[in-house]
Amino acid sequence: MSANTFKGNKAYLPSKPCSACGREMTWRKSWAKNWESVKYCSDACRSKKGANTNPQ
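For the sequence shown, our numbering assigns the number 172 to the initial residue and increments by one for each residue that follows.
What follows is the structure in structure tokens.
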């Protein structure tokens, strides 16, 4: 198996939009225990928390 071989199919992971920017977030293992409460895709979006009232 080469180093750049894809190990899994991420197309089947759940996703949802970021509350601040509207960007699609895909499930991460680190979010497994609190996926329902994850609202923001990054620390930058968390810090602006709704400054953009019209997400894309």
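Every residue, glycine too, gets a C-beta built ideally from N, C-alpha and C. Predicted, not measured: the structure shown is a model, and the values here were computed from it.
| Query | Result |
| --- | --- |
| Could you give the distance in angstroms between the alpha-carbon of residue 210 and the alpha-carbon of residue 190? | 6 Å |
| Could you tell me which of 212, 192 and 195 sits nearest to residue 201, measuring between CA atoms? | 212 |
| Could you tell me if the beta carbon of residue 187 falls within a distance shorter than 7 Å of some heavy atom in the ligand GTP? | The ligand content of the structure shown is nil, which means the ligand GTP is not present either. |
| Going by beta carbon distance, what residues of the same chain come within less than 6 Å of residue 185, once the five residues before and after it are set aside? | 198 |
| Excluding the 5 residues preceding and the 5 following residue 217 in the sequence, name in chain order all residues of the same chain whose CB lies nearer than 6 Å to its CB. | 211 |
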